[in-house]
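One structure is given here, and the rest of the page talks about it.
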Amino acid sequence: MTAAHAQQQKVVADKIIAQVGDKIILQSDITNAIADYKRQGQDAQLPPNPECAFLEGQLIQKALVLQAERDSLPISDEDLDARLDNQIRGFIQSYGSKEALEEIAGKTIYQIKEDNREPFKERLMADQMRSKILESVKITPTEVKAYFDKIPKDSLPYFESKVEVSQVVLNPKANKDVEEYVSNQLLDLKRQVETGGKKFADLARIYTQDPGSKENGGQYSINRNDKQWDPAFMAAVWRLKEGQISPVVKSRFGLHIIQMVSRAGDDAIIRHILIIPPVTDAEVNIAKARLDSIRTDIVNNKIAFAQAVNKYSDDENGKFTGGAITDPQTGSTLVTIDQLDKDLVVELKDMKPGDVSQPIAYTDERGMQHVRIVYFKTRTEPHVENMKDDYSVISNKALEEKKMQVLEQWFKTHIPTYYIHIDNDYSGCSSIRDWWNASNMASNQQ
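Under the numbering used here, the first residue of the sequence shown is numbered 784, with each subsequent residue one higher.
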């Protein structure tokens, strides 16, 4: 949590260090911004002169906000409130509960939200203005080639081999007797909490099979509008009152009991215990037989692999990418071998591009068993960056450089149109030379 924590550590001796139009920048704005950056674990990446760099960022933001006001860019209260609520949820998630956040900040949730409203609105306006300035910037193939040609050949990056892989996944269904056994196990845990013998969080640390919340006692901060949660799970959550524990809930991940820790409007803190009913070889073989039939249709060109994903796969997220495994950072369907699960790496070992694997069982990080068929679409060879293999990557970098140039030119044109004042303490900041020139002009005109 950054903004709320910064409110706790107000700088005693504060002063105005810069002004753009009627927008002021305080010394504490810079001090707190640097402190926030360090708290996020990024202090190793701080620039040599962080005070100058962060002041430049503030000057840029204030100018964009002024222009947004001149251009009457609309910022709806609904959009602002939604984004603020999302930020507050992030704070609560970081500190574990609403009460912990309020104690650390020394303010109520309402006060934290109101204190952040104006700074958050400014950031939103600046982002919208930046988008407006850059919305028409495009890149042509000629410009991409010119960008690439000016890169020294000995500094071109080297790319290791990447693969493009898609999968159809089926989840074997546990039999009714096993589900009933697990359900009774969860009901027993529920009784232990309700009779006062045990704490829900302690039992979650022992029994839950959700690795994402095990160490945190099964706890999550959620919002009613979050889409990544299982619908059955969410429906059960919002039927609960504070302190109440749900009946056994069946989701696509397994069986749960859920405890409502606290709720406020569309936000809630919950705990849950997940137990995945184990499946037998018989259930796995049923899923394999079904996938074998699907594979036959794919190989015989009766159905495309992507269509089979949409029609049959139990991996809902995979349906958005045609079953392709994607790079979580870039969204690209080309991934390195170390980004694949170890079972998939073994499967690909004896495959070549164009192959569709036989049905194979595997276990995911949650301990759930699945069966899948894999389509090995392509493999790139290790290579130095070039226009043939990496055009889209080079094009994106060229476009970003062009946007930066357009933005720099926009500021060169518009900075002289604003009243600028910068404190003499920052006279040594070479990165804000254009702003300094405008500041000196404003001083001379007074």
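Think of the CB as a built atom: it goes at the ideal place given N, C-alpha and C, for glycine as much as any other residue. Bear in mind the structure is a predicted one, so any value in this text is a computation, not a measurement.
* List the endpoints of the continuous beta strand (DSSP E) containing K1033. => 1032-1034
* Could you tell me the boundaries of the beta strand (DSSP E) in which A1051 lies? => 1050-1058
* To do: Just grab the DSSP bridge partners of S802 for me.
  => Just to set this straight, residue 802 is Gln in the shown sequence, not Ser. Note: Q802 sits in a beta bridge opposite I807, H1204.
* To the nearest angstrom, report how far apart V946 and Q1122 are at their CA atoms. => 10 Å
* Inter-residue CB distance, E1168 and P940 (contact presumed, cutoff 8 Å) -> 5 Å
* First and last residue of the uninterrupted alpha helix (DSSP H) at R1078 -> 1064-1082
* To do: Tell me where the alpha helix (DSSP H) around D966 begins and ends.
  => Inspection of the sequence shows that residue 966 is occupied by Ser rather than by Asp. Per DSSP, S966 belongs to the alpha helix (DSSP H) from 959-977.
* Scan the stretch 1103-1146 and note each continuous beta strand (DSSP E) run of 3 residues or more that stays entirely inside, going in chain order. => 1143-1146
* To do: Would you list the one or two residues that DSSP bridges to F1016?
  => Answer by DSSP bridge pairing: none, since F1016 is not bridged.
* In chain order, what residues of the same chain lie with their CB nearer than 6 Å to the CB of D826, ignoring the 5 residues before and after it? -> Unreliable positioning characterises D826 in this predicted model, as indicated by a pLDDT of 46, which lies under 50. The coordinate reading is nonetheless provided below. Excluding sequence neighbours, D826 sits near nothing in its chain.
* Could you give the residue range of the beta strand (DSSP E) that holds G1037? -> 1037-1047
* Asked: Can you check whether the CB of L1127 is closer than 8 Å to the CB of V1154?
  -> no
* **Exposure label - N869; buried when at least 16 CB within 10 Å** => exposed
* Name the one or two DSSP bridge partners that N1231 has. => Not covered by the structure: residue 1231. The range shown for the chain is 784 to 1229.
* Three or more C-beta pairs below 8 Å linking the stretch 1048-1065 and the stretch 961-969 -> yes
* **Which of helix, strand or coil DSSP assigns to D826** => Because D826 carries a pLDDT of 46, less than 50, the predicted location of this residue cannot be relied on, and the following value inherits that uncertainty. Three-state DSSP puts D826 in a helix.
* **Distance between H1197 and I1041 (C-alpha atoms, nearest Å)** => 55 Å
* Alpha carbon of K1135 to alpha carbon of I1108, nearest angstrom -> 17 Å
* Tell me Y1158's beta-bridge partners as DSSP assigns them. => S949, V1139
* **Any 3 or more C-beta pairs closer than 8 Å across the stretch 898-907 and the stretch 853-873** => yes
* Y990 and L972 look like a contact to me (Cβ under 8 Å); what is the Cβ gap, rounded to whole Å? -> 6 Å
* Asked: Of all the alpha helix (DSSP H) runs that stay within the bounds of the stretch 854-920, which reach a length of 4 or more residues?
  -> 860-878, 881-888, 892-917
* Presumed contact (8 Å Cβ cut-off) between N1093 and D1050, rounded CB distance -> That pair is no contact at about 33 Å.
* Asked: First and last residue of the alpha helix (DSSP H) that includes I1252?
  -> Beyond the ends of the chain as shown, which are 784 and 1229, falls residue 1252; an answer cannot be given.
* **Terminal residues of the alpha helix (DSSP H) in which I773 lies** => This structure does not reach residue 773, given that the chain is present from 784 up to 1229, and the question cannot be answered.
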